[in-house]
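Student:
4 protein chains.
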Amino acid sequence: MSGNTFGTVFRVTTYGESHGPALGAVIDGCPSGLPLSAADIQKELDRRRPGQSALTTPRKEPDVAVIESGVFEGRTTGAPIAVRIVNENQRPSDYGDTARLFRPGHADRTWFEKYGLRDYRGGGRSSGRETAARVAAGAVAKKLLGLYGIRICAWTESIGPIAAKSGAPENAESNAVRCRDAEAAAEMEAYIQAKAAEKESVGGVVACRADGLPVGWGEPVFDKLDAVLAHAVLSVGGVKGIEFGSGFAASLLCGSENNRPGHSGGVLGGISDGEPLFFRVAVKPTPSVFKTQIFRGEDGTETETALRGRHDPCLCPRIVPVIEAMTAVVLADFALLGRCSRTGKPALQTEEKTLK
Amino acid sequence: MSGNTFGTVFRVTTYGESHGPALGAVIDGCPSGLPLSAADIQKELDRRRPGQSALTTPRKEPDVAVIESGVFEGRTTGAPIAVRIVNENQRPSDYGDTARLFRPGHADRTWFEKYGLRDYRGGGRSSGRETAARVAAGAVAKKLLGLYGIRICAWTESIGPIAAKSGAPENAESNAVRCRDAEAAAEMEAYIQAKAAEKESVGGVVACRADGLPVGWGEPVFDKLDAVLAHAVLSVGGVKGIEFGSGFAASLLCGSENNRPGHSGGVLGGISDGEPLFFRVAVKPTPSVFKTQIFRGEDGTETETALRGRHDPCLCPRIVPVIEAMTAVVLADFALLGRCSRTGKPALQTEEKTLK
Amino acid sequence: MSGNTFGTVFRVTTYGESHGPALGAVIDGCPSGLPLSAADIQKELDRRRPGQSALTTPRKEPDVAVIESGVFEGRTTGAPIAVRIVNENQRPSDYGDTARLFRPGHADRTWFEKYGLRDYRGGGRSSGRETAARVAAGAVAKKLLGLYGIRICAWTESIGPIAAKSGAPENAESNAVRCRDAEAAAEMEAYIQAKAAEKESVGGVVACRADGLPVGWGEPVFDKLDAVLAHAVLSVGGVKGIEFGSGFAASLLCGSENNRPGHSGGVLGGISDGEPLFFRVAVKPTPSVFKTQIFRGEDGTETETALRGRHDPCLCPRIVPVIEAMTAVVLADFALLGRCSRTGKPALQTEEKTLK
Amino acid sequence: MSGNTFGTVFRVTTYGESHGPALGAVIDGCPSGLPLSAADIQKELDRRRPGQSALTTPRKEPDVAVIESGVFEGRTTGAPIAVRIVNENQRPSDYGDTARLFRPGHADRTWFEKYGLRDYRGGGRSSGRETAARVAAGAVAKKLLGLYGIRICAWTESIGPIAAKSGAPENAESNAVRCRDAEAAAEMEAYIQAKAAEKESVGGVVACRADGLPVGWGEPVFDKLDAVLAHAVLSVGGVKGIEFGSGFAASLLCGSENNRPGHSGGVLGGISDGEPLFFRVAVKPTPSVFKTQIFRGEDGTETETALRGRHDPCLCPRIVPVIEAMTAVVLADFALLGRCSRTGKPALQTEEKTLK
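Residue numbers (this note's numbering), protein chains in the order written: chain A, 8 to 363; chain B, 8 to 363; chain C, 8 to 363; chain D, 8 to 363.
Right under this line is the structure:
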């Protein structure tokens with residue numbers, strides 16, 4: 008398997024399976040001199056951690072981040088930053104009965120066909136636990152972006168048929184579904200719990216916004232800012248779509264309308280245009296449902312059975328910090344790449360100003 | 008500017024501006040022994056070429072593909088394949104009045120801010136003409152995918168409020184909007200022309216389907232099949248969103264519904280699952296409209312004026328072959344990468360079978 | 008800092024400092040199904056480990072390899088293989104006096120100037136300890152190359168003025184300097200110890216040979232087999248040169264002589280030619296000597312002092328497994344890339360044959 | 008074939024065969040605002056061009072550089088710079104008799120085995136003509152490095168047994184062998200011509216020096232400055248070795264001697280240390296000799312015959328600008344990457360200063 012590294016200059020490599028001894032991220036290319044502590048990373052991991060509310064899996068994982076390299080006396084050294092997270096609550100026995108069956112809607116069968124064998128302990132590398140390493144890397148990226156005055160905020164915009172109507176993104180952290188609209192949040196919670204009681208799961212839409220981007224980030228043609236963000240965000244398990252600015256609704260507008268401020272999502276021609284970056288993400292219902300379903304086996308036979316184990320009835324609340332993390336990783340890379348765009352001009356006074 | 012190369016093993020590098028002497032693509036990593044002629048490429052370029060119908064810009068570009076390397080006696084040699092397309096109908100004078108102004112909804116200002124200067128002749132590198140090189144590369148990728156029995160077909164699914172209701176994708180080539188539904192196509196044409204008469208432009212939705220993919224393409228975690236496709240497709244100018252399978256609508260389904268066949272879009276856990284690959288693409292209205300708009304200048308002053316020149320009132324008909332091309336480039340790369348997944352097993356009997 | 012990842016399809020990322028908590032390697036792109044155990048890796052680490060003989064540093068590091076991901080039930084899964092090595096014998100206090108001074112011949116000053124700060128505990132990331140992670144990755148690569156019937160062997164060819172005269176490469180493991188010639192080895196040992204007694208260090212030449220390569224590995228033009236090997240080998244600290252086949256001596260031959268078998272070093276036009284791969288590596292004398300030398304400080308002042316600590320008086324014996332490891336990493340990547348060269352032919356029957 | 012692109016941020020892609028219609032280089036990642044004209048490139052191409060003296064092949068190639076993109080009104084725009092060179096003096100008929108035979112010491116057989124077919128017209132992609140595109144790219148890199156005050160100079164240091172004794176590198180352009188020592192140069196010329204009269208060819212050693220590098224370029228661990236230079240230089244056909252600073256001779260020095268200024272070759276721990284960059288390159292005798300030799304055919308049969316055609320009896324004079332070009336390409340990339348090393352400090356005042 009290739010594809011466990013992301014980025015050009017600010018590069019993230021992750022490893023680890025849901026039921027192996029540990030997960031980790033190696034962040035290469037972070038400039039030296041950045042203040043960084045394990046607490047900076049822990050803060051973000053705690054937002055993704057299981058067991059935060061009744062809406063999330065009861066798997067108990069403290070998800071403690073340990074920095075194993077790249078930081079000395081509280082600052083990054085320029086060496087790769089390795090963050091390690093021990094898996095403490097492995098319960099492979101949960102997978103006893105159905106371990107050898109391919110769970111519907113999961114990557115079990117595609118992995119088996121691709122690799123000819125499979126770590127069947129709860130998804131192995133394709134488990135959502137893999138995203139803990141992304142969040143760790145994102146925390147470092149966020150710290151770097153802080154030098155540029157950039158803030159990233161994602162939130163739940165809708166769950167099933169219930170959509171947020173009002174509220175600032177920052178409000179999202181105050182409720183369990185991470186919705187900016189407290190009233191809608193209450194309805195969403197009830198909806199998720201009702202569906203969970205039916206042994207079902209639900210999907211939703213997550214939105215993300217980044218403020219403070221200067222004009223000029225993104226590389227035209229293949230590595231447009233929105234293209235690389237789409238890559239990063241769709242690489243998160245469970246994400247099935249993305250749209251920037253007016254997105255699919257832009258097809259209903261006339262050109263002169265769509266040219267007006269507020270429709271671009273902060274990107275024109277693949278380069279940040281000075282407006283806030285804004286995109287929306289389609290999140291599918293968790294494929295792990297406790298309802299009886301038809302499972303295929305390695306030999307093609309079908310079995311009717313039901314999953315056991317510990318699963319979130321809705322991915323949205325915990326995917327929010329993962330979307331932020333991937334956004335941060337992309338922006339950090341473009342921040343550094345942006346320093347290479349022009350001759351004869353120090354690219355980033357802003358940065359210098361902010362650091363001291 | 009970085010980001011003019013795409014792919015890991017099957018790698019495409021493009022160059023060229025709308026009003027420079029030539030555009031080109033260098034395709035590296037194509038296996039040797041593949042039958043390839045300029046005609047294979049020309050066929051696809053002709054589908055993207057301006058002037059095909061009343062719906063497209065009257066700029067007259069024959070867009071003749073010349074292969075300058077990598078093919079010998081009708082077969083690829085393993086050396087990089089360079090395809091060159093001369094720009095014949097440059098009319099930089101069209102840009103006289105407004106050349107120095109930033110066209111609304113275009114990349115003019117973002118490029119200027121990023122690079123400190125700008126080729127103002129019709130968009131330069133950010134012009135839609137850049138996609139001719141993508142189509143050339145995609146034609147080579149399609150030829151390679153033919154060995155695997157893969158067919159890619161994109162089409163216009165909706166234009167403004169008018170959506171296709173029925174019809175096979177293959178029908179799309181028989182009408183000027185490239186819609187699979189001939190009846191809807193007629194309405195769409197009328198709609199585009201009506202809006203063009205109002206000096207406006209319109210957007211739409213393009214869909215794409217690939218048949219014949221084996222199970223097992225795509226690299227898990229960061230380089231998921233859908234993630235890389237999203238990168239490739241959103242790197243096409245004018246695209247503002249993408250969704251796979253049930254996409255945004257998945258948020259309205261329960262888990263057990265969404266787990267059923269037909270919802271995945273052909274990708275589970277980032278790996279092809281044997282169903283047809285299917286995704287939908289949001290295309291914004293052409294930002295070049297002839298209506299009077301407010302233009303900003305390099306010094307920040309605003310001017311009310313109107314564009315002249317030659318522009319498509321709707322991007323969809325000509326973006327269809329570009330979406331196919333980028334899809335082909337991505338799949339060709341995964342086809343080759345897929346050969347590296349397992350020890351001890353020749354990956355692709357299929358391919359061998361088909362070649363002879 | 009970028010540049011902690013090496014390879015295209017078989018990719019190695021390393022992290023860790025000499026006096027941090029741990030070092031590690033993440034090996035991405037290893038095909039699934041390869042039998043692999045911690046013992047496979049330990050065997051190679053033991054060859055690089057300090058304290059093997061009187062010739063090596065007395066720092067006591069067991070260098071125990073723990074596999075944290077990518078292996079399940081004794082076989083690789085296709086997921087990234089993370090190997091972690093805990094640093095057990097950190098003695099940063101050794102660096103007390105001279106910690107802030109730039110050691111002559113070391114990377115201390117260049118790192119400080121590049122990054123503006125420095126982990127002064129024994130070289131930090133630029134310490135030779137970093138190579139433990141390379142050896143771990145190389146062990147995985149060697150295991151993969153075993154499927155192709157490839158054996159890699161490096162050895163000490165000369166130390167100071169003393170050169171091997173005869174002996175098979177395989178003999179090298181039987182003496183402390185890892186020289187293929189037992190008689191010369193005894194002289195070399197005495198020479199190293201004599202120089203060490205003078206508080207000095209010595210350099211040498213290491214040779215490396217790989218048998219069993221099929222014709223056709225290496226990518227022409229920029230990624231020639233010898234070019235990438237040179238990259239890999241010169242990336243090892245202390246290496247100052249490399250030559251393939253007759254190397255610098257080729258300048259003394261006529262064309263028709265040099266065209267004959269035995270001069271190419273196994274590479275023609277950047278592609279393996281079926282002869283054994285052979286190259287020689289210049290290893291500089293360890294820069295850490297206990298003689299009094301002039302040290303520069305961060306402020307430019309000069310101090311006359313002497314190093315303390317634990318250092319090898321000659322790098323050759325322990326660099327041998329590192330050279331093998333980097334060779335293996337390069338060959339494993341080309342083995343996988345080679346699968347992509349042709350259409351319509353399973354590239355590697357050999358491999359399939361060997362696996363069962 | 009992969010491997011036709013080199014570099015991370017400043018990236019060069021080349022294409023073209025010796026007897027196809029054209030060769031070219033696409034230079035991506037060059038910052039905008041750099042003054043650049045075709046003449047800047049032509050100047051370097053003229054140094055590599057055949058037919059400069061009695062020592063070089065009489066093939067008549069004007070090697071005219073045409074810039075097809077990326078430059079507007081005399082400055083780079085940030086878009087990829089495409090340079091195209093038309094092949095004017097193709098004489099594939101020269102290869103009639105021996106076309107199907109594998110020339111000894113050439114890549115003919117290795118390419119054939121790798122790809123299963125071969126462009127037999129004079130080496131195709133493996134011909135030395137490929138280096139014209141490298142020189143074009145190097146000219147752009149040199150222009151960029153000029154902003155940093157960096158000058159690169161390569162020269163012939165020895166031919167067969169004749170070595171330069173004195174003379175400044177800059178003198179090298181005044182004689183046909185490009186040797187810094189005019190007296191030795193005359194001997195070298197006579198030697199080459201005597202060997203050519205015997206239908207033989209000769210090898211030599213080329214040295215290269217770069218002045219003006221700031222401390223801090225190069226990425227530690229895998230992408231050390233010297234490691235990447237070794238990669239770049241060994242990727243040039245005919246190069247069989249490289250050594251930095253005292254190189255292989257360092258094995259004869261004691262540590263404290265080798266730690267003194269003048270031995271490092273300008274690189275410590277993979278990072279430029281402020282001394283001039285200096286390395287030496289082993290160049291093998293041209294494999295194309297007119298003597299009768301044994302040629303193998305595709306079917307393994309052996310034929311005794313002699314080459315015809317037009318070949319240089321010694322590669323050194325014309326490889327000198329190619330070595331400079333590859334050095335420039337590497338340094339340009341590290342110049343840009345170096346901008347990303349630290350937080351909070353504009354990396355390159357020097358550059359800014361020089362530009363105006």
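Quick reminder that beta carbons are idealized off the backbone N, C-alpha and C, glycines included. Values in this document were obtained by computation on a predicted structure and should not be read as measured data.
Please work out which residues of its chain come closer than 8 Å, Cβ to Cβ, to residue 243 of chain B, disregarding the five sequence neighbours upstream and downstream, and give them in chain order.
Tutor: Along the second sequence, read from residue 1 onward, the residue named residue 243 of chain B stands at position 236. Excluding residues within five positions, the ones whose Cβ falls inside 8 Å are 138, 141, 326, 329, 330 and 333.
Student: In the stretch 140-173 of chain C, which residues sit with their C-beta less than 8 Å from some C-beta in chain B, listed in chain order?
Tutor: Listed in sequence order: 151 and 154.
Student: If you measure between the beta carbons of residue 261 of chain A and residue 28 of chain B, is that distance less than 8 Å?
Tutor: Residue 261 of chain A sits at position 254 when you count from the first residue of the first sequence. Residue 28 of chain B sits at position 21 when you count from the first residue of the second sequence. In this structure, residue 28 of chain B does not lie closer than 8 Å to residue 261 of chain A by Cβ.
Student: Measure the Cβ-Cβ separation of residue 278 of chain B and residue 121 of chain A and say whether it is below 8 Å.
Tutor: On the second sequence, position 271 is the one that residue 278 of chain B refers to. On the first sequence, position 114 is the one that residue 121 of chain A refers to. Yes, Cβ-Cβ distance for residue 278 of chain B and residue 121 of chain A is below 8 Å.
Student: Just tell me which of C/337, C/73 and C/23 has its CA closest to the CA of residue 89 of chain C.
Tutor: By 1-based counting over the third sequence, the position of residue 89 of chain C is 82. If we check each option's Cα against that of residue 89 of chain C, C/73 comes out closest.
Student: Closer than 8 Å, Cβ to any Cβ of chain B: which residues of the stretch 334-350 of chain C, in chain order?
Tutor: Those residues of the stretch 334-350 of chain C that come within reach of chain B (Cβ to Cβ, closer than 8 Å) are 343, 344, 346, 347, 348, 349 and 350.
Student: Inspect the beta-carbon positions of residue 299 of chain D and residue 223 of chain C and report whether they are closer than 8 Å.
Tutor: The residue labelled residue 299 of chain D in the question sits at position 292 within the fourth sequence. The residue labelled residue 223 of chain C in the question sits at position 216 within the third sequence. No.
Student: Given a cut-off of 8 Å, decide if residue 302 of chain A and residue 365 of chain A are closer than it, judged by their beta-carbon atoms.
Tutor: It is not possible to answer for residue 365 of chain A, since the shown part of chain A is limited to 8 through 363.
Student: Going by other Cβ atoms of all chains shown within 10 Å of its Cβ, with 16 needed for buried, is residue 173 of chain C buried or exposed?
Tutor: As a working note, residue 173 of chain C is residue 166 in the third sequence. It counts as exposed.
Student: How would you list, in chain order, the residues of chain D whose beta-carbon sits under 9 Å from the beta-carbon of residue 39 of chain A?
Tutor: Along the first sequence, one-based indexing puts residue 39 of chain A at 32. Residues of chain D passing the Cβ test: 348, 349 and 350.
Student: Do you know offhand how far residue 247 of chain C's Cα is from residue 254 of chain C's?
Tutor: By one-based count along the third sequence, residue 247 of chain C stands at place 240. By one-based count along the third sequence, residue 254 of chain C stands at place 247. Taking the straight line from one Cα to the other gives about 14 Å.
Student: Does residue 124 of chain B have its Cβ less than 8 Å from a Cβ in chain D?
Tutor: Residue mapping note: residue 124 of chain B aligns to position 117 of the second sequence, counting from 1. Residue 124 of chain B counts as touching chain D.
Student: Measuring CA to CA, which of C/238, C/305, C/45 and C/150 is closest to residue 39 of chain C?
Tutor: Numbered from its first residue, the third sequence carries residue 39 of chain C at position 32. Comparing Cα-Cα distances from residue 39 of chain C to each of C/238, C/305, C/45 and C/150, the minimum goes to C/150.
Student: Give me the chain B residues within the contact set of residue 251 of chain A, using Cβ-Cβ distance strictly less than 7 Å, ordered along the chain.
Tutor: Position 244 of the first sequence, counting from 1, holds the residue named residue 251 of chain A. The answer, in chain order, is 247 and 248.
Student: In the DSSP output, which residue or residues are listed as bridge partners for residue 321 of chain D?
Tutor: The sequence position of residue 321 of chain D within the fourth sequence is 314, counting from 1. The partner list for residue 321 of chain D (beta bridge, DSSP) reads D/209.
Student: In chain C, which residues lie with their C-beta within 7 Å of the C-beta of residue 233 of chain D?
Tutor: By one-based count along the fourth sequence, residue 233 of chain D stands at place 226. Correct list: 241.
Student: DSSP three-state call for residue 155 of chain D: helix, strand or coil?
Tutor: The count along the fourth sequence starts at 1 and reaches residue 155 of chain D at position 148. Residue 155 of chain D falls in the coil class under three-state DSSP.
Student: With H, G and I counted as helix, E and B as strand and the rest as coil, what does DSSP make of residue 31 of chain B?
Tutor: The count along the second sequence starts at 1 and reaches residue 31 of chain B at position 24. Of the three classes helix, strand and coil, the one that applies to residue 31 of chain B here is strand, per DSSP.
Student: Closer than 7 Å, Cβ to Cβ, to anything on chain B: give me those residues from the stretch 78-90 of chain D, in chain order.
Tutor: Within the stretch 78-90 of chain D, the qualifying residues are 79, 82, 84, 85, 86, 87 and 89.
Student: Spatial neighbours of residue 50 of chain D within its chain, please: C-beta separation below 8 Å, excluding the five flanking residues on both sides.
Tutor: For the purposes of this step, residue 50 of chain D is taken as the residue at position 43 of the fourth sequence. Taken in chain order, the residues that qualify are 146.
Student: Nearest-angstrom Cα distance between residue 4 of chain B and residue 23 of chain B?
Tutor: For chain B, the structure presents residues 8 to 363; residue 4 of chain B sits outside this window and is missing.
Student: Considering only the beta carbon of each residue, do residue 233 of chain A and residue 251 of chain A sit closer than 8 Å?
Tutor: As a working note, residue 233 of chain A is residue 226 in the first sequence. As a working note, residue 251 of chain A is residue 244 in the first sequence. Yes, Cβ-Cβ distance for residue 233 of chain A and residue 251 of chain A is below 8 Å.
Student: Roughly how many angstroms separate the alpha carbons of residue 357 of chain B and residue 41 of chain B, rounded to a whole number?
Tutor: As a first step, residue 357 of chain B must be located in the second sequence, where it is residue number 350. As a first step, residue 41 of chain B must be located in the second sequence, where it is residue number 34. Because residue 357 of chain B sits at a pLDDT of 41, beneath the cut-off of 50, its placement in the model cannot be relied upon, and the point is left open.
Student: Under DSSP, the alpha helix (DSSP H) around residue 240 of chain A begins and ends at which residues?
Tutor: As a first step, residue 240 of chain A must be located in the first sequence, where it is residue number 233. Note, residue 240 of chain A: alpha helix (DSSP H), 232-241.
Student: In angstroms, rounded to a whole number, what distance separates the CA positions of residue 81 of chain D and residue 46 of chain D?
Tutor: Stepping through the fourth sequence from its first residue, residue 81 of chain D is reached at position 74. Stepping through the fourth sequence from its first residue, residue 46 of chain D is reached at position 39. Taking the straight line from one Cα to the other gives about 11 Å.
Student: Which of the three DSSP states, helix, strand or coil, is assigned to residue 162 of chain A?
Tutor: To locate residue 162 of chain A, count along the first sequence from 1; it is residue 155. Here residue 162 of chain A sits in strand by DSSP.
Student: What in chain C is Cβ-close to residue 263 of chain D, meaning under 7 Å?
Tutor: Walking along the fourth sequence from the start, residue 263 of chain D turns up at place 256. What residue 263 of chain D touches in chain C: 207, 296, 298 and 300.
Student: Specify the secondary structure class of residue 41 of chain D as computed by DSSP and reduced to three states.
Tutor: What you label residue 41 of chain D is simply residue 34 of the fourth sequence in a count that begins at 1. It is coil, neither helix nor strand.
Student: Quick check on residue 184 of chain A: does DSSP put it in helix, strand or coil?
Tutor: One-based indexing of the first sequence puts residue 184 of chain A at position 177. In this structure, residue 184 of chain A counts as coil in the three-state DSSP scheme.
Student: Within its chain, find whatever has a CB closer than 7 Å to the CB of residue 344 of chain C; leave out the 5 residues flanking it on each side and keep chain order.
Tutor: Against the third sequence, residue 344 of chain C aligns to sequence position 337. For residue 344 of chain C, where only same-chain residues beyond five positions count, the Cβ hits under 7 Å are 15, 16 and 226.
Student: Alpha carbon to alpha carbon, how far is residue 257 of chain B from residue 265 of chain B?
Tutor: For the purposes of this step, residue 257 of chain B is identified with residue 250 of the second sequence, where counting begins at 1. For the purposes of this step, residue 265 of chain B is identified with residue 258 of the second sequence, where counting begins at 1. C-alpha separation (whole angstroms): 7 Å.
Student: In whole angstroms, what separates the C-alpha of residue 95 of chain D from that of residue 70 of chain D?
Tutor: Taking the first residue of the fourth sequence as 1, we reach residue 95 of chain D at position 88. Taking the first residue of the fourth sequence as 1, we reach residue 70 of chain D at position 63. For residue 95 of chain D and residue 70 of chain D, the distance between alpha carbons rounds to 8 Å.
Student: If you check the beta carbons only, do residue 217 of chain C and residue 287 of chain C fall under 8 Å apart?
Tutor: Your numbering for residue 217 of chain C matches position 210 in the third sequence. Your numbering for residue 287 of chain C matches position 280 in the third sequence. Not a contact, by the Cβ cut-off of 8 Å.
Student: Would you mind working out which of D/240, D/167 and D/176 sits nearest residue 158 of chain D, comparing C-alpha positions?
Tutor: By one-based count along the fourth sequence, residue 158 of chain D stands at place 151. Nearest of D/240, D/167 and D/176 to residue 158 of chain D, Cα basis: D/176.
Student: Under a three-way DSSP split, which group does residue 78 of chain A fall into?
Tutor: Taking the first sequence and counting its residues from 1, the one referred to as residue 78 of chain A is at position 71. Looking at residue 78 of chain A - three-state DSSP - the assignment turns out to be strand.
Student: Per DSSP, which residues does residue 248 of chain D bridge with? Please list them.
Tutor: One-based indexing of the fourth sequence puts residue 248 of chain D at position 241. In DSSP, residue 248 of chain D forms a bridge with C/250 and D/289.
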